[in-house]
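Asker: The structure under discussion is supplied below as structure tokens; questions concerning it will follow.
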Amino acid sequence: MYRYRFFLTIVYFLFLLTGCRFSPDRFTRLSPEETGIHFVNELTETPALNIFNYLYFYDGGGVAAGDVNGDGLPDLFLTANQKLNKLYLNKGNFQFRDITGRAIGDKGTDWSTGVAMVDINSDGRLDIYVSNVGDYLNIEGQNRLYVNKGNDGQGIPRFEEQAGRYGLDLVGFSTQAAFFDYDRDGDLDMYMMNHSVHSNNTFDHAEIRHNTHPLAGDKLLRNDNGTFVDVTEEAGIYSSALGYGLGIGISDLNSDGYPDIYIGNDFHEDDYLYLNNGDGTFTESLGEMMPHTSRSSMGNELVDINNDGLTDIYSLDMLPSEYETLKASAAEDPIRIYQTKLKYGYKHQFSRNTLQLNRGSGNFSDIGLLADVYATDWSWATLGADFDHNGHVDLFVTNGIKGRTNELDYIEFISRDSIQTRLKGEMAPEALEYLERIPEEKVPNFMYKNEGRLQFENVAESWGLGRDSFSNGAAYADLDRDGDLDLIVNNVNRKASVYRNNTREKFKNNNYLKVQFNGPEKNPFGIGAAVRIPRAEDNMIFREMYPVRGYQSSVEYGLHVGLDSLGTVPEVEVTWPDGKVERRKNVAANQTLTLNYTDAGELSNPGHVDESSENLFTEITETFGIAYKHEENDFLEYNREALIPKMVSREGPALAVADVNGDGLDDFYAGGAKRQPGELYLQKDQGGFIKKETMEFRNDSTYEDVDAEFGDYDSDGDQDLFVVSGGNEFYGNSEYMLPRLYVNDGRGNFVRDKQAVPGIYLTGSVLARGDIEDDGDLDLFIGARAVPWKYGVPPENYLLINDGGTFRVRKTGLGERVSDLGMVTDAEWADMNGDGTPDLVVASEWEEIRIIYQGGKEAYAISGTSGLWNTLAVADINGDGARDIMAGNLGLNSKYKATEDAPVRMYVNDFDQNESIEQIVTYVDEEGKERLFATKDELAEQLNYIDDRFETYQSFAEASLTDVIDRDLLNEATIYALHELQSSVFYNRGEGKFDKKYLPIESQFAPLHDFLLTDISGDDRVDAIGVGNFYNVNIQRGRYDAGYGEMFVNDAGTLKRIANRNINWFPEGQIRRVELIETDGGKVLITAENNGRLRFFEFNEDFQMDDMSVHR
């Protein structure tokens, strides 16, 4: 009986909660009946206008939020493509009234796109600027400026269209306008971002971006006393048909006090990053600041996502996250098209969202893969704000498209010559039937909760935002003035969505602060003002007042900050657009703080971010005048092995340092690529280096040098040179796979001794020296990287015993144990167990870190470390007398996500029984299903049955792994499994036990390929420098290029990372080797870049690192 009553009580309680519309969700979607907002951006295709003749037909409309009637509540403006735009007055309590007719008038429709609210005439009232498409097919619109004339007697604002009066009646393919004071003269200027169409003949060399197009080209208009004047050309802004502008963001990206511009371009054109020169001109600087971008860039958001005081950039693309959609959709360009675009002058682009983390000093790293925010399907708007008040910026993303024209089966259908003929010129009504073949799929929007430390989680479903839709423009605003940010979303063919944020009502532990601005005379709403709230050392909340954000939209004026549990803000600093600064102390949370320009005092120096004015390293490359440049030959391994995860032929150059001529000065050898001789540089007494011509090196220029070590191999008292070759081009018993020994005559003259080295043929990777027999001779371990044509088949490694300057291969005992270690990437001899004899520590791809103890019988593997290891270094890091291991892995910034329970696997076998080896790489998805990385087209290049087995891309997408690859062949394959991808330090605890400690998250941005362990800080402890990056990976994975070098200082036995910006050191490129060399001027760091220059950095021994902040 009691249980029955208890059950009734629970049912009654749930009923009450349901009746009160209780929801545990952070957001509640309000119905149009509740809000009064019945706006629909309804699209209807016609023969005169449709996706076939206007490629942006489905791109949707925007949203603007702002108080247009002065009652303190944000009102809403929504744009439509074929219907009337609508203005809704906020009556409070989420109830809105359509005042379009009275406020603006119903005067026909334009094809409207973006919208911005701005006080154009500085009268304290918000005006509305609407971007419209004009002069294309049957669309004859122009941009419109609705000037706010004030309220009528009933409190309804009245607007008058005055675009022509201000010089803003632009005609073109308008997407979105942004207003800002780029020249810091006190008034608001405007950037007009436009888009293009393919009929403008844009498939050409990138140089055509210098040709002006009157309709498609972007425009910069300067405000001259209330009239906007076109200064596009003189300001250095591109205005060509090549610009497919969809995303615009304004921010001070380099912290110099001037607003910069970021433009996201669709299709093949690069994005534009315009740095403000401070003299009325801009310099397009994308290539100097970002290694790559999104390919089909959509909307973007410029906001600080990690509280370091620097603006980051989140740019959207169209990569699906759901497996079946992904495999049925167009992905990356085939490698040949990708390379063609590069030759045509375009930069590196990949079809995924990019989260460009601002590293300082004009350097960005895309960490979208690490943060797991890279795949949100066909996306449009993104908004960065602290929606849950935990002190971190979350990321909201709208997505979905009515016509998914990148579906591969549809592309094959519509590309037929007979259909293309019918679509050319004036389209017949019956041709609209082809529109019915276009797939359409509503998808839910994304909400990425920022957990801090660059970790994000999609919480759209649990936060009440997981409704399927075709969503485009969006804005945030505190619609009910309760202190949290609500969301408004413009949808295609569905009523606009309004989401009430319940944070203040249901999640009251976290606090907030809102900031409103009373700006200078000609900028009363304070566009361009910036707020900084210091939280802790190296932690600062930073926001900028630029309302145009996301996609075709404008958010509410003012700034909003989540404070977590902070009840009183110790300091709030505002910097106004002209540089004036005001600071408020001890500001109470949970209020709206109004800041007045008239209260601002001193004029700040340009830039506000605390970056070191001193350099730990000063580059002196040009001082040395060394012309060496590593130059890879044009060899594309994917033509030979289409399914390999990465190219193995890009491992060089080798770099070795020693005094080769006995003068007491360090010299160095830099290895060459194929058909490039290695070069020897001798240090001069008076400073600098001179190249020593060596005929033997020229004779051996066909070899590709991947590792080299100086050593007294013939025990005559001087430094000889041993070189290992790689490249993965030669196979069998090619002489160019042989290791080489060059004997030194003591004066730096080298002669190759072919008789001293046995005839072993391998694609080499590493050379490790050690006196194995304790006889005074240097013995060698030579690691093999791969078997040519058979990646994944374990190659043979070799132990070479030195018998008085002549080497022999040891096949038994230790030699046998080191021969089968997989695809070795690095190795080092070190006494790991304190028995006085050197043991071999080995890093390999697809294997665990292993130690081959001389006294043991089998290789010892450090459990749980199976990874894609590139490098290792051994030293006593924590000062306990035992040798520790620092190991460089792939890192976390890739599409590979591997754990013990969900490994990445590689199956190696002849899967189509044609006597060639294939590699099948898989991952485990969230449902526990093992999935293919490869696309159908990639598999078809290597497996001859794929196209016959799967006639459509959809059937392939729906297939399981064993539908694609026969189960028996998978079971018979050599199987590798990855469980660990983080670069780490393994502290030696003795008795074969190691404690693993991950390097900081910033050190996981890119693969690490070499470490230098040495005392840099002068405290007799081992510090560390790490370098990396790797570009030549499978095109679907993109380039690993987010690294700028790593610096670690030993703090009582623990390596602590020093931020690049704090030492002003940002080495670029894919660096394979790093060495320290002593010169007459002190210590000099040498970095050797694959397919790039040697670079030299002088060490500043007076640099103080005691106060350097870590991590960021």
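Per full-length UniProt numbering, the very first residue in the sequence shown carries number 1; after that it's consecutive.
Note that the Cβ used here is the ideal one computed from N, Cα and C, for glycine as well.
If you're wondering where the values come from, they're calculated on a predicted model, not measured in any experiment.
#1: Since Asp317 and Ser296 are thought to touch, with beta carbons under 8 Å apart, how far apart are those beta carbons, to the nearest angstrom?
#2: Can you give me the C-alpha to C-alpha distance between Leu559 and Ser239, rounded to a whole angstrom?
#3: In whole angstroms, give me the CA-to-CA distance for Glu1098 and Lys1083.
#4: Would you give the residue range spanned by the alpha helix (DSSP H) that Leu286 belongs to?
#5: Would you grab the beta carbon distance between Tyr713 and Ala670 for me? Rounded to a whole angstrom, and I think it's under 8 Å.
#6: Quick check on the DSSP output: the alpha helix (DSSP H) that includes Asn1060 runs from which residue to which?
#7: Can you give the beta carbon distance from Gly473 to Lys442, rounded, assuming they're within the 8 Å contact cut?
#8: Which same chain residues end up closer than 7 Å to Leu78 when comparing Cβ atoms and leaving out the 5 residues on each side of it in sequence?
#9: Note down, in chain order, each residue of its chain lying with its Cβ closer than 7 Å to the Cβ of Leu465, except the 5 sequence neighbours on either side.
#10: Can you tell me whether Leu454 is buried or exposed, with buried defined as 16 or more other CB within 10 angstroms of its CB?
#11: If you follow the alpha helix (DSSP H) that Asn971 is in, where does it begin and where does it stop?
#12: Confirm, please, whether the CB-CB distance from Ser983 to Gln1004 is below 8 Å.
#13: What are the boundary residues of the alpha helix (DSSP H) that includes Pro32?
#14: So Asn797 packs on Thr825, CB below 8 Å; how close in whole Å?
#15: Going along the chain, which residues of its own chain have a beta-carbon closer than 8 Å to the beta-carbon of Gly804, five neighbours each way excluded?
#16: Measuring straight from C-alpha to C-alpha, what distance separates residue 1119 and Phe697?
#17: Where does Val657 land, buried or exposed, given buried means 16+ other C-beta within 10 angstroms?
#18: Among Glu930, Glu941, Asn889, Gly888, which has the Cα closest to the Cα of Phe911?
#19: Measure the Cβ-Cβ separation of Ala654 and Val706 and say whether it is below 8 Å.
#20: What residue range does the alpha helix (DSSP H) around Met695 cover?
#21: Do you know whose CA, among Leu273, Asp135, Glu521, lies nearest His213's CA?
#22: Enumerate in chain order the residues of its own chain whose CB-to-CB distance from Leu479 is below 7 Å, with the five nearest sequence positions on each side excluded.
#23: Determine the direct distance from the alpha carbon of Arg1039 to that of Val1033, and round the result to whole angstroms.
#24: In chain order, which beta strand (DSSP E) runs of at least 3 residues are fully inside the region 734-775?
#25: If we count the other Cβ atoms within 10 Å of its Cβ and call it buried at 16 or more, is Gln1104 buried or exposed?
#26: Going by CA-CA distance only, name the one from Ala371, His348, Phe350, Gly345 that's closest to Leu357.
#27: Once DSSP output is grouped into helix, strand and coil, what is the label at Asn399?
#28: So, are the CB atoms of Glu332 and Gln1036 less than 8 Å apart?
#29: Identify whether Phe897 lies in helix, strand or coil by the three-state DSSP scheme.
#30: Using CA coordinates, which residue listed in Gly519, Arg359, Thr283 is at the minimum distance from Asp312?
#31: For Ile120 and Val197, what's the separation of their Cα atoms in angstroms?
#32: Give the straight-line distance between the Cα atoms of Thr621 and Ile1063, rounded to the nearest whole angstrom.
#33: Reducing DSSP to helix, strand and coil, say where Pro444 ends up.
#34: In terms of alpha-carbon separation, which member of Gln176, Val874, Leu780, Val574 lies closest to Leu1013?
#35: Does the Cβ of Arg752 lie closer than 7 Å to at least one heavy atom of the ligand FMN?
#36: With DSSP collapsed to three states, give me the class of Thr623.
Answerer: With the given structure in hand:
#1: About 5 Å; that satisfies the 8 Å criterion.
#2: So the alpha carbons of these two residues sit roughly 32 Å apart.
#3: Between the alpha carbons of Glu1098 and Lys1083 lies a distance of about 6 Å.
#4: Under the DSSP assignment, Leu286 falls in the alpha helix (DSSP H) whose first and last residues are 286-289.
#5: Actually they are not in contact, since the Cβ atoms of Tyr713 and Ala670 sit about 20 Å apart, beyond 8 Å.
#6: Unbroken alpha helix (DSSP H) run through Asn1060: 1060-1063.
#7: Here Gly473 is actually not in contact with Lys442; their C-beta atoms are around 17 Å apart, not less than 8 Å.
#8: Result list for Leu78: Phe39, Gly61, Val63, Asn85, Lys86, Asn490, Ala496, in chain order.
#9: So the list reads Phe27, Asn445, Met447, Tyr499, once near-sequence residues are dropped.
#10: Buried is the call here.
#11: Going by DSSP, Asn971 is part of the alpha helix (DSSP H) stretching over 967-972.
#12: With respect to the 8 Å criterion, Gln1004 and Ser983 are classified as neighbours on the basis of their beta carbons.
#13: Element bounds for Pro32: 32-35.
#14: Here Asn797 is actually not in contact with Thr825; their C-beta atoms are around 11 Å apart, not less than 8 Å.
#15: If we look at Gly804 and ignore the five residues flanking it on each side, its Cβ neighbours are Asp714, Ser715, Asp777.
#16: Residue 1119 falls outside the range modelled here, since the chain spans only 1 to 1112, and no answer is possible.
#17: Counting every other CB atom within 10 Å of its CB across the protein chains shown gives Val657 a total of 16 or more, marking it as buried.
#18: Ranked by how close their Cα comes to the Cα of Phe911, the residues Glu930, Glu941, Asn889, Gly888 have Glu941 in first place.
#19: Going by beta carbons, Ala654 and Val706 fall inside the 8 Å limit.
#20: Its alpha helix (DSSP H) spans residues 695-699.
#21: Per the Cα distances, Asp135.
#22: The residues are Pro74, Asn90, Phe94, Asp486.
#23: Cα atoms of Val1033 and Arg1039: separation of roughly 6 Å, rounded to the nearest angstrom.
#24: Within the region 734-775, the complete beta strand (DSSP E) runs of at least 3 residues are 740-744, 750-752, 763-770.
#25: Burial call: exposed.
#26: It is Ala371.
#27: Strand at Asn399.
#28: Cβ atoms of Glu332 and Gln1036: closer than 8 Å.
#29: Just to set this straight, residue 897 is Lys in the shown sequence, not Phe. It is coil, neither helix nor strand.
#30: Restricting attention to Gly519, Arg359, Thr283, the CA atom closest to the CA of Asp312 is found in Arg359.
#31: Ile120 and Val197: Cα-Cα distance of roughly 31 Å.
#32: Pairing Thr621 with Ile1063, the inter-Cα distance amounts to about 18 Å.
#33: Reduced to three states, the DSSP call for Pro444 is strand.
#34: The candidate whose alpha carbon is nearest that of Leu1013 is Val874.
#35: Looking for the ligand FMN in the displayed structure turns up nothing, as the structure carries no ligands at all.
#36: Residue state, collapsed to three classes: helix.
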